[in-house]
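Reviewing the structure listed below.
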Amino acid sequence: IMTWVCLCSVFQVLVIGDLGVGKTSIIKRYVHQTYSTNYRATIGVDFALKVLNWDSETVRLQLWDIAGQERFGNMTRVYYREAMGAFIVFDVTRPTTFEAITKWKEDLDSKLMLTNRESIATVLLANKCDQGREVLTNNGVKMDQFCKDNGFVGWFETSAKVGTQTHAHTYTYAPMCTHTQ
Ligand code: GDP
Ligand code: MG
């Protein structure tokens, strides 16, 4: 069954977070190895497919990029329904985007639960780390503890601009998504 799942299925992974934190940029960097400073704010949902080899199996991740709905701070249930994993992104230069994380996580958990009643694997991305670590150091947040307290499986400092750790997080957590199937 596992083989069938890996060969035939696409694992839907959500990328959510406030407007301008770099969701689209992270996806473009990860999937197309490109970066641009002016992605148009797309309206609706965009998809990008990333095929990766994990443990000699082919895993297809379909990254869901939301656009135009961030200002509501929540998504419709339909959007969340089939997801196997999620990234919640914040901008290390803007504290308000960090404060919004728990709101996004609550929205996700309230609308989506696995059959074993657990939340889907959710990873926190501290993006724009090429611009400093203000949010990470200034307010004294201990990120590991924050993740534990708020139900994140882990966190990474990323930069879509430079390409920092924009791959590590999926290689680390893709297996988790596939195994929750
Ligand atoms: P989204 O609204 O979350 O999809 O954010 P975008 O991907 O559209 O990015 C918003 C702005 O932040 C754009 O001008 C990007 O070029 C910029 N940006 C995104 N990621 C990074 C990053 O890692 N470092 C820096 N310096 N800027 C970034
Ligand atoms: Mg976007």
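According to mature numbering (1 follows the signal peptide of the UniProt record, and there is no 0), the stretch in the sequence shown is residues -17 to -1, 1 to 164, in order.
All residues carry an ideal CB built from backbone N, CA and C; glycine is no exception.
Please report the distance separating the alpha-carbon of ARG77 from that of CYS112.
Note on geometry: alpha-carbon atoms of ARG77 and CYS112 lie some 11 Å from one another.
May I ask you to list the residues that DSSP assigns as paired with LYS33?
Answer is LEU44, bridged to LYS33.
Span of the alpha helix (DSSP H) around VAL14:
DSSP places VAL14 inside the alpha helix (DSSP H), whose first and last residues are 6 to 15.
Report whether the distance from the Cβ of SER8 to the nearest heavy atom of the ligand GDP is below 7 Å.
Yes - the ligand GDP has a heavy atom lying nearer than 7 Å to the Cβ of SER8.
Rounded to the nearest angstrom, what separates THR79 and GLU117 at their Cα positions?
One C-alpha to the other measures close to 12 Å.
CA-CA distance, LEU97 and LYS11?
About 28 Å.
Within 10 angstroms of the Cβ of LEU32, are there 16 or more other Cβ atoms? Answer buried if so, exposed if not.
With fewer than 16 Cβ atoms within 10 Å of its Cβ, LEU32 is classed as exposed.
First and last residue of the uninterrupted alpha helix (DSSP H) at PHE129:
First-last of the alpha helix (DSSP H) with PHE129: 126 to 133.
List the endpoints of the continuous beta strand (DSSP E) containing THR147.
Note, THR147: premise wrong, no beta strand (DSSP E); not H, not E.
Excluding the 5 residues flanking LEU44 on each side, which residues of the same chain have their C-beta closer than 6 Å to its C-beta?
PHE(-7), VAL(-5), LYS33.
With C-beta atoms as the reference, is ASP48 less than 8 Å away from ASP29?
With a cutoff of 8 Å on beta-carbon distance, ASP48 and ASP29 are scored as near each other.
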